[in-house]
Amino acid sequence: MKKLPVLFALALSPSLVLAQQGAGTAAQPLGLGSQVRGEITTADRVNFSDGSRSVVYALDLDAGQAVRLEATGALCARLTVIHDGETVAGPTQGDCDAGSGTSTRLALMASDTGRYEVAVSGAGARAFGPFRLEAKALEVHRGDGALRPGSEIVDFLRSDGKTYRLDIRQAGYYVIDMRSTDIDSMLELSGNGVSANDDDGGDGLNSRLRVPLEPGTYTLRAKSIGDASGMFELAITTGALPAGVRLRNSGALSLDGNVLHGALSGSPREYQLRVTQPGRVTIDLGSDDFDTVLELSGNGVSLDNDDGGDGTNSRISTVLQPGAYTVIARGLGESGSGLFTLSATHAALPAGTSLRTGGDLALGTAVTGMSNGESHSYRITIAQAGQLVVDMTSDDFDAVLELQRDGEQVAEDDDGGGGTNARITTDVQPGTYTVVAKSFGGSASGMYELTARMAP
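Going letter by letter, the sequence shown gives residues -19 to -1, 1 to 437 in mature numbering (1 follows the signal peptide of the UniProt record, and there is no 0).
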């Protein structure tokens, strides 16, 4: 179900002109905690401003009482609240995907005791269909009382933000939502080793934190981007893990491709990886909750990746020698929170592959090398003057070649071989030369192939 932004207001000027009701068409009653069903048809009242149709309900509220209105169903709906002839909340705005169910929310804090008219309208002149409308009382946060799972409050945010105490009595996975159309919301959570924040993790400009929490007291801070002021809704719920999912936030990462599930609450998660045979190792880190960053280190290797996978997911694929490695899963900016998946696979090197890191490079033969960020030097013996062509290719990194004689550079190339491959073509005299194979920046790891030949 697609959710559209929730809208809050204390008092607004009229923005939607409704046609006068015909005789005997009094507003239908809507009670707090109840749900009514309706349908927008061509027989309903017309909004003169845009030609859409409306059905109106009567809701009695006390001064200072807060309520959340939600319209769901096939109708692409707008919600507007009128009191004493003035529009005091709405109309809500939002796009509706054709053919999909929608949910439109609006929250209101009553300024006076009395009757409020809730108008459910189609989003345009051609918007018709059935809907359900529910009115739910909201707790207005007053004083310094602690928030707990199940808390759902409304409050007014000033430029300096609001701070709350969050009490957690049972270990679990929790979801914290901050919704508003008055402000671009931001959430910060700290305490018990947790440090997490979010700006737009919810719908639109709304904020959402998904965090595993242990029993204890936490500090929750509600803020706005740009220090704006306005009404907002705050909800703390228990997030259900998918069936069969168990969280593993540390330990060994196997190379069999099995996916493990973890949860981030600001601090990175660390795993151990052991490689017993040389081969290509591919590590994938994915999340629907945050922008992932993957790090791999150990045995002379130091690699990281942000968006090498799909979307904002991460992937590292490189050839590793036997040894112990550390894999770190974290969010971009080290402040991400939520669930993630992590997996690793190992593919053996092709049969007959012999890895080299230096030595003699014979003309007309290919050498396969493996670099962990260091450069490798090879010797070439030239018998006759002519034009030498040296190629270095790699699927793992941006290749760089250097040709030297007697310690002096003769030629250098970065991308002359097409793509990020390197090629040196230069005239040489008889003698011994040194070919230096390395990566651009001098820190990337992976396999490469090196060849040398004399041009015809």
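Where a beta carbon is used, it is the ideal one built from N, C-alpha and C, also for glycine. Values in this document were obtained by computation on a predicted structure and should not be read as measured data.
Exercise. Note the first and the last residue of the continuous beta strand (DSSP E) segment covering Gly286.
Key: It is Asn, not Gly, that sits at residue 286 in the sequence shown. Where Asn286 is concerned, the enclosing beta strand (DSSP E) stretches over 282 to 286.
Self-check item: Simplified DSSP assignment, three categories, for Leu11
Solution: Under the three-state reduction of DSSP, Leu11 is assigned to coil, being neither helix nor strand.
Quiz prompt | Thr307 to Arg146 span [Cα, whole Å] | solution = Near 36 Å, if we compare the C-alpha coordinates of Arg146 and Thr307.
Quiz item: Are the Cβ atoms of Tyr429 and Ala380 separated by less than 8 Å?
Solution: Going by C-beta atoms, Tyr429 is nearer than 8 Å to Ala380.
Quiz item: Near Arg144, which residues of its chain fall below 6 Å by C-beta distance, leaving aside the five closest residues on each side in sequence?
Solution: Residue identity differs from the one stated: residue 144 is Thr in this sequence, not Arg. Contacts found: Arg202.
Quiz prompt | Per-residue burial, Ile206 [other beta carbons within 10 Å of its own, 16 or more giving buried] | solution = Ile206 should be labelled exposed.
Quiz item: Taking Arg345 as the reference, which of Val240, Gly339, Pro437 has the closest Cα?
Solution: The displayed chain sequence assigns Gly, not Arg, to residue 345. Ranking Val240, Gly339, Pro437 by Cα distance to Gly345 puts Pro437 first.
Self-check item: Lys204 versus Leu234: straight-line alpha-carbon distance, rounded
Solution: Here the alpha carbons of Leu234 and Lys204 stand approximately 38 Å from one another.
Quiz prompt | Nearest-angstrom Cα separation, counted from Asp25 out to Gly3 | solution = Below a pLDDT of 50, predicted positions are generally treated as unreliable, and Gly3, at 37, falls in that range; the measurement from the model is reported next regardless. A straight line joining the alpha-carbon of Gly3 with that of Asp25 spans about 10 Å.
Exercise. Would you decide whether Ala332 is buried or exposed? Buried here means 16 or more other CB atoms lie within 10 Å of its CB.
Key: Label assigned to Ala332: exposed.
Quiz item: If you count every other CB in all the chains shown that lies within 10 Å of the CB of Ala433, and 16 or more means buried, which is it?
Solution: Ala433 sits buried, since 16 or more C-beta atoms from the chains shown fall within 10 Å of its C-beta.
Quiz item: Got a sec? Which residues, its chain only, sit under 8 Å from Thr407 by beta carbon, not counting five neighbours each side?
Solution: Around Thr407: Gln368, Leu369, Leu384, Val391, Ala392.
Quiz item: Since Leu11 contacts Tyr38 with CB under 8 Å, what's their CB separation in whole angstroms?
Solution: With a Cβ gap of about 4 Å, Leu11 and Tyr38 count as contacting.
Quiz prompt | Cβ neighbour criterion (16 or more within 10 Å) applied to Thr218 | solution = By the neighbour-count rule (16 or more Cβ atoms within 10 Å), Thr218 is not buried but exposed.
Exercise. Provide the residue(s) that pair with His357 in DSSP beta bridges, ordered along the chain.
Key: According to DSSP, His357 bridges with Ala418.
Quiz prompt | Of the listed residues Thr362, Ser33, Gly427, nearest to Val262 (C-alpha basis) | solution = Of the candidates Thr362, Ser33, Gly427, Gly427 places its Cα closest to the Cα of Val262.
Quiz item: Of all the options Ser295, Ser161, Arg227, Gly398, which has the alpha carbon lying nearest to the alpha carbon of Leu89?
Solution: When each option's Cα is compared against that of Leu89, the closest is Ser161.
Quiz item: At a cut of 8 Å, does the region 172 to 188 reach the region 115 to 129 through at least three beta carbon pairs?
Solution: Under the 8 Å Cβ criterion, the region 172 to 188 does not count as touching the region 115 to 129, having fewer than three qualifying pairs.
Quiz item: In the DSSP assignment, what residue or residues form a beta bridge with Ala70?
Solution: Bridge partners of Ala70: Val62.
Self-check item: Nearest residue (CA-CA) to Arg107, options Val409, Thr61, Ser298, Gly32
Solution: If we check each option's Cα against that of Arg107, Gly32 comes out closest.
Quiz item: How is Leu313 classed by DSSP in three states: helix, strand or coil?
Solution: When DSSP states are grouped into helix, strand and coil, Leu313 belongs to the helix group.
Exercise. Specify, as a first and last residue, the run of the beta strand (DSSP E) that Gln365 falls within.
Key: Per DSSP, Gln365 lies in no beta strand (DSSP E) and is assigned neither H nor E.
Quiz item: Taking the Cβ atom as the reference point for each residue, do Val101 and Ala47 lie within a distance shorter than 8 Å?
Solution: Not in contact: Val101 and Ala47 (Cβ atoms no closer than 8 Å).
Quiz item: Mapping DSSP to helix, strand and coil, what is residue 467?
Solution: The structure shown does not extend to residue 467, since the chain is modelled only from -19 through 437, so no value can be given for it.
Quiz prompt | Own chain partners of Ser278 with C-beta closer than 6 Å, once the 5 adjacent residues on each side are dropped | solution = Here Ser278 has Thr307 as same chain residues with Cβ atoms under 6 Å from its own Cβ, once five neighbours each way along the sequence are excluded.
Quiz prompt | Residues that Thr178 bridges to, as DSSP identifies them | solution = At residue 178 the sequence reads Asn, which differs from the Thr that was named. Answer is Glu169.
Quiz item: Between which two residues does the beta strand (DSSP E) carrying Arg49 extend?
Solution: Run containing Arg49: 47 to 54, per the beta strand (DSSP E) assignment.
Exercise. Would you mind reading off the limits of the beta strand (DSSP E) that contains His327?
Key: Membership of His327 in the beta strand (DSSP E) is indicated by the continuous run 318 to 329.
Quiz item: Which term fits Val121, buried or exposed, when burial requires 16 or more other beta carbons within 10 angstroms of its beta carbon?
Solution: By the neighbour-count rule (16 or more Cβ atoms within 10 Å), Val121 is not buried but exposed.
Quiz prompt | Cβ pair Val282, Asn353 closer than 8 Å | solution = Contact: yes.
Quiz prompt | Beta-carbon spacing of Ser356, Leu245 below 8 Å | solution = One thing to note: Ser356 has its Cβ no nearer than 8 Å to the Cβ of Leu245.
Quiz prompt | Residue(s) in a DSSP beta bridge with Ser295 | solution = For Ser295, which the question treats as bridged, DSSP gives the partners Leu266.
Self-check item: Nearest residue (CA-CA) to Pro223, options Leu215, Gly243, Gln9
Solution: Measuring from the Cα of Pro223, the nearest candidate turns out to be Gly243.
Self-check item: Paired residues, beta bridge with Gly339 - DSSP
Solution: DSSP output for Gly339 lists Ser358 as bridge partner(s).
Quiz item: Do you know how far the Cα of Val36 is from the Cα of Pro111?
Solution: The alpha-carbon atoms of Pro111 and Val36 are separated by roughly 11 Å.
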